[in-house]
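Asks: First the structure, which I've put down as structure tokens, then a few questions once you've had a look.
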Amino acid sequence: MKYEVIIGLEVHAQMLTDTKIFCGCSTKFGSEPNTQTCPVCIGMPGVLPVLNKKALEFTIKTGLAMNCKISQYSRFARKNYFYPDLPKGYQISQYELPICEHGYTEIVVDGNIKKIGITRIHMEEDAGKNIHEGAGSYSFVDLNRAGVPLMEIVSEPHIRSSEEAVEYMKKLRTILRYLGVCDGNMEQGSLRCDANVSVRPVGQKEFGVKVEIKNINSFKFVEKALDYEIRRQIKVLEEGGRIIQETMLWDSSTGTTQSMRSKEEAHDYRYFPEPDLVPLTVDQKWIDEIKSSLPELPDIKRKRFIEEYTLPEYDADLLTSERPVADWFEEAVRLGGQPKAVSNWIMGDLMKLLNEGNKSIEECPLKPLQLLDMLKLVEKGTISGKIAKTVFEEMYKSGRGADVIVKEKGLVQISDVGTIEKVVNDVIAKNPKEVERYKAGEEKLVGFFVGQVMKLTKGKANPQMVNELLKKKLTYQP
Amino acid sequence: MEFYRLTISEARDLLDRKEVSVKDVVNSVYQRIDAVEEKVKAFVTITRDRAMKMADEAQKKIHLEGKQSNTSILGIPIAIKDNMCTKDIRTTCASKILHNFVPLYESTVTSRLIEHGYILIGKTNMDEFAMGSSTENSGFHTTRNPWRLERIPGGSSGGSAAAVAADECIAALGSDTGGSIRQPAALCGVVGLKPTYGRVSRYGLVAFASSLDQIGPITKDVRDSAILMNAISGHDPLDSTSAPVHLPDFTAVLGKDIKGMRLGIPNEYFIEGMDEEVELSVKEAIKKLESLGAIPVEVSLPHTGFAVATYYVLATSEASSNLARYDGVKYGFRAEGKDLMDMYMNTRAQGFGAEVKRRIMLGTYALSSGYYEAYYKKAQQVRTLIKRDFEEAFRKADIIVTPTSPTAAFKIGEKTADPLQMYLSDIFTISVNLAGVPAVSIPCGFTSNNLPIGLQLIGKNFDEESILKVAYAYEQSTEWHRGRPNL
Chain A
525 MKYEVIIGLE
535 VHAQMLTDTK
545 IFCGCSTKFG
555 SEPNTQTCPV
565 CIGMPGVLPV
575 LNKKALEFTI
585 KTGLAMNCKI
595 SQYSRFARKN
605 YFYPDLPKGY
615 QISQYELPIC
625 EHGYTEIVVD
635 GNIKKIGITR
645 IHMEEDAGKN
655 IHEGAGSYSF
665 VDLNRAGVPL
675 MEIVSEPHIR
685 SSEEAVEYMK
695 KLRTILRYLG
705 VCDGNMEQGS
715 LRCDANVSVR
725 PVGQKEFGVK
735 VEIKNINSFK
745 FVEKALDYEI
755 RRQIKVLEEG
765 GRIIQETMLW
775 DSSTGTTQSM
785 RSKEEAHDYR
795 YFPEPDLVPL
805 TVDQKWIDEI
815 KSSLPELPDI
825 KRKRFIEEYT
835 LPEYDADLLT
845 SERPVADWFE
855 EAVRLGGQPK
865 AVSNWIMGDL
875 MKLLNEGNKS
885 IEECPLKPLQ
895 LLDMLKLVEK
905 GTISGKIAKT
915 VFEEMYKSGR
925 GADVIVKEKG
935 LVQISDVGTI
945 EKVVNDVIAK
955 NPKEVERYKA
965 GEEKLVGFFV
975 GQVMKLTKGK
985 ANPQMVNELL
995 KKKLTYQP
Chain B
119 MEFYRLTISE
129 ARDLLDRKEV
139 SVKDVVNSVY
149 QRIDAVEEKV
159 KAFVTITRDR
169 AMKMADEAQK
179 KIHLEGKQSN
189 TSILGIPIAI
199 KDNMCTKDIR
209 TTCASKILHN
219 FVPLYESTVT
229 SRLIEHGYIL
239 IGKTNMDEFA
249 MGSSTENSGF
259 HTTRNPWRLE
269 RIPGGSSGGS
279 AAAVAADECI
289 AALGSDTGGS
299 IRQPAALCGV
309 VGLKPTYGRV
319 SRYGLVAFAS
329 SLDQIGPITK
339 DVRDSAILMN
349 AISGHDPLDS
359 TSAPVHLPDF
369 TAVLGKDIKG
379 MRLGIPNEYF
389 IEGMDEEVEL
399 SVKEAIKKLE
409 SLGAIPVEVS
419 LPHTGFAVAT
429 YYVLATSEAS
439 SNLARYDGVK
449 YGFRAEGKDL
459 MDMYMNTRAQ
469 GFGAEVKRRI
479 MLGTYALSSG
489 YYEAYYKKAQ
499 QVRTLIKRDF
509 EEAFRKADII
519 VTPTSPTAAF
529 KIGEKTADPL
539 QMYLSDIFTI
549 SVNLAGVPAV
559 SIPCGFTSNN
569 LPIGLQLIGK
579 NFDEESILKV
589 AYAYEQSTEW
599 HRGRPNL
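For the record, the sequence lines run as chains A and B. The numbering used here puts the first residue of the first sequence at 525, with every later residue one more than the last. The numbering used here puts the first residue of the second sequence at 119, with every later residue one more than the last.
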């Protein structure tokens, strides 16, 4: 039987605010345990939450970028459960009246655009962390993370495969990073994904029984965990079994999902409106201001890159996947770079060097102006395209200008016909067998001759002249 | 000299005229505590050393600045209910679960009192987590009514009310969730005011029911309540539910004419089961106000009958969540257990008293999935109706006049076996918290066995001034507030 997969994702994104959502403590990652805490975020008796306006602004921004309706009236609610990393015994979240609802975002599936609905986006506080190492039969609790602002972004069950889920996650990450509201780091836990998965025979109208998978903490695991769970569910059904509604935990060490709790064991969170915070009213004027301050979003930028710079879709995709990359590109073009040439340099050599150094483009030591200076040297024929690669790497590593490097290393292109001709003659004379084969019709051997010439000139010979001379000499050899 | 008998304004006068020192007053209060506290048991913690230091500072300030404004509390000994956090001073909520809890922070109200130079006399006893009407639910001991020691002082701010009545402080702060300031004030023959919800910051007040809790003064006369209101009121950036509204000088209206003021008399509040002597005293008081020029008008608060039930759904729901933080993990009492769940259960089973556990269970039930709509949500809807009742009544009346409590102080142990009977002690005060409006209880008589009776004056939202004005006019024309228990 053929099965259809139904996936909905609940994504938690840590917001990049300086301070926590309900107090003034720092949100910095990786400090000594419990050094970023105060009576409010450790749930001392009698203390009260006060909403961080920046967190609200970030959530509204995200809502607008995901085409949501922003509610002018929303409420916080308490989600009640006991756990040592939850200092108040409840999490302040939103329940009945979230700030953002009814949105969507678009992903590309097999070259076609597909809309994924966004049910809601709401604000909530993060919990702390239990530490089980080094505490004997006890555990330690670190509350530095308690109260860090989170957005929960809930999708409609519109996702039909693990690939779509990954595309959706990537898209989400791109948007969050464009907005500067979340760094999107899944491994560090600043972007977390829970998935609701069910399968049903193709043609069936009702949804199958859904299973929730938690603890998916990398893009790779989004695909693996979903694929595993889909296969598991299909296998159960094929064998005549029933899917049980439960919460599963993804175990990346075994590559399997493990049951965490069944529906019967599910928590009753006893949500109710948070009485310590007055209902949230948001002025339409402020929403409009935030809207007008939104940066150009990836979809629009991508479209513009294709039209304005006549770039291939592939280039536009890659250049717009990160806002700073797009900015780098546009700066180089603004300075006079030919768009496709700049794109090639970014997608090729620049990305390679950045990846090797494990650097982001924000940390890139090479500035667009340097690339431009180098491209001018290529245009003038001072250096060849091949030498440019060496110069580029040298610029990246030393931070010096192309002019200086070319002069210092003697990389100026040889464009003197006499000099090149001499080398060409030499090469032809030393390789009579290859000359014979070439003449017999093995024309691709021209590459071999070019290589030899380049070797002898240390790559500095003007490739176009080398080609022309070689062809002429090889053809007219008496 | 018996300086402990002074009111705030009397003490102010003597201090400013340098007839007495701050230390004279503070020492006198502690002498009084030494003499009667054993009988009254109003306090959980007495802060003598701290008080002496504060007295030195206050005295310096008086020397330096000379005469203070006549609403100043500089150098005035005040007792604080033990559910308001005081930095470096144990704050227990009269609960075993917080028996060793020393806050690292000061509540907003006590911060404001410190800025004004008050003297902290001690932390007063209460029903555990403010849940009760008699202080019998204190995790430590029951406070006695200074008028008759075998009787309860009311609750939950019974310690504060008894301390004021027994002259163990000049004034006190209490907190009121369903009558916890007004009912003990009535039963102890003193003045107790619950401000409008949002008038006074709740930051640092250990929460019982967040949407109902409000801090207010318990004092020997109406002027003192107005003076303390000046000190503690106003918007607080640390409390989102505190209202950024205009702050009047609450003493400015005292002594103003009440001629022509309309006194709403709700027929629903004169019910069967009310003590005859209480009813008589309240009716006498209304006549007295009429003689001062006020005009009684009939009003109706038709949803009064649902108030107690509504309150016990909403307050317990919020409490079940507010008290979840007492889990033995971070501070306070911890009972060991074989695993985490066991530790939680032992801690909460041993740390909380019976009434607190009863209310946590009620609230947990009311919020549970499947019951939420029928209980919590329905109660919220009724709360809205009760609010509207008051809005409607205040079209016809400037203030509403009722008894504070259906009976005078009952005997210790009399109602402990029957929680429902106990809950009915607050029948006249609960609606006020649900509506959020302000109300004050003032002494209006004594029963035949010399127990105080209280009159409740209810005002419109953020109109404490009207009830203070009427309360003051009444007080000036009667002698009830001058009565003192024989200890």
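For every residue, glycine included, the Cβ atom is placed at its ideal position computed from N, Cα and C. Because the structure is a prediction, the values reported are computed rather than measured.
1) Just to confirm before moving on: does the CB-CB distance between B:Val162 and B:Ser256 stay below 9 Å?
2) Could you pull the DSSP bridge partners for A:Gly727 from this structure?
3) Does B:Met170 have its Cβ less than 9 Å from a Cβ in chain A?
4) According to the neighbour-count rule (16 or more other Cβ atoms, all chains shown, within 10 Å of its Cβ), is A:Glu730 buried or exposed?
5) Below 8 Å on the Cβ atoms is my contact criterion, and I expect A:Lys638 with A:Tyr793 to pass it. Report the Cβ-Cβ distance as a whole number of Å.
6) Any chance the CB of A:Tyr702 is under 8 Å from a heavy atom of the ligand GDP?
7) Taking all protein chains shown into account, decide if A:Lys827 is buried (16 or more other Cβ within 10 angstroms of its Cβ) or exposed.
8) Which residues in chain B have a C-beta closer than 7 Å to the C-beta of A:Asp792? List them in chain order.
9) With a threshold of 9 Å between beta carbons, is B:Asp167 in contact with chain A?
10) Using DSSP with H/G/I as helix, E/B as strand and the rest coil, what is B:Met172?
11) By alpha-carbon positions, which one of B:Leu216, B:Tyr489 and B:Ile126 ends up nearest to B:Leu192?
12) From the DSSP output, read off the bridge partner residues of A:Ile737.
13) Find the residues of chain A that neighbour B:Val447, judging by a C-beta separation of less than 7 Å, and give them in chain order.
14) Which term fits A:Thr629, buried or exposed, when burial requires 16 or more other beta carbons within 10 angstroms of its beta carbon?
15) Measure the Cβ-Cβ separation of B:Ala281 and B:Gly272 and say whether it is below 9 Å.
16) Tell me the rounded alpha-carbon separation between B:Lys338 and B:Ala284.
17) Residues in its own chain within less than 8 Å of A:Ser939 by CB, not counting five upstream and five downstream?
18) How would you write the range of the beta strand (DSSP E) that A:Tyr614 sits in, first residue to last?
19) Does any residue of chain A bring its CB to less than 9 Å from the CB of B:Val113?
20) With 16 other CB atoms within 10 Å as the buried threshold, where does A:Ala790 fall?
21) Around the C-beta of A:Leu899, are 16 or more other C-beta atoms found within 10 angstroms, so that it is buried, or is it exposed?
22) Report the residue ranges of all alpha helix (DSSP H) runs contained in full by the segment 308–354 of chain B; include only those spanning at least 4 residues, in chain order.
23) DSSP on B:Met202, reduced to helix/strand/coil?
24) Does A:Ile623 come out as helix, strand or coil in the three-state DSSP assignment?
25) For the segment 892–939 of chain A, which segments carrying the alpha helix (DSSP H) assignment without a break, of at least 4 residues, lie completely within its bounds, in sequence order?
26) For A:Ala579 and B:Gly334, what's the separation of their Cα atoms in angstroms?
27) Is the CB-CB distance between A:Glu887 and A:Ala719 below 9 Å?
28) Do B:Leu480 and B:Thr434 count as a contact pair if the criterion is CB distance below 9 Å?
29) Mark B:Glu582 as exposed unless 16 or more other C-beta atoms lie within 10 angstroms of its C-beta, in which case mark it buried.
30) Mind checking if A:Pro622 is an interface residue toward chain B, Cβ cutoff 9 Å exclusive?
31) Suppose only complete runs of 4+ residues qualify. What are the alpha helix (DSSP H) ranges in the segment 221–267 of chain B, listed by chain order?
32) If I measure Cβ to Cβ from B:Ile518 and keep anything under 7 Å in the same chain, skipping five residues before and after, which residues do I get?
33) At the 9 Å Cβ level, is A:Phe796 part of the contact set with chain B, yes or no?
34) Identify which residue in A:Leu700, A:Val632, A:Arg669 and A:Pro608 has its Cα closest to the Cα of A:Ser663.
35) So, helix, strand or coil for A:Ala565, using DSSP?
36) Is B:Ala442 close to chain A? Criterion is C-beta to C-beta, closer than 9 Å.
Replies: So, from the data block:
1) yes
2) Answer is none; A:Gly727 lacks a bridge partner.
3) no
4) exposed
5) Not a contact, Cβ separation roughly 33 Å.
6) Judged by which ligands are present, the structure shown has none, so any question about the ligand GDP falls away.
7) exposed
8) Ser486 and Ser487
9) no
10) helix
11) B:Ile126
12) A:Ala719 and A:Met772
13) Pro608 and Val665
14) buried
15) no
16) 10 Å
17) Gly905, Asn986 and Met989
18) Tyr614 to Ser617
19) It is not possible to answer for residue 113 of chain B, since the shown part of chain B is limited to 119 through 605.
20) exposed
21) buried
22) 340–350
23) strand
24) coil
25) 892–904, 909–922 and 926–932
26) 34 Å
27) no
28) yes
29) buried
30) no
31) 226–233
32) Gly382, Pro384, Val417, Ala511 and Ile576
33) yes
34) A:Pro608
35) It should be noted that the sequence gives Cys, not Ala, for residue 565 of chain A. Here A:Cys565 sits in coil by DSSP.
36) yes
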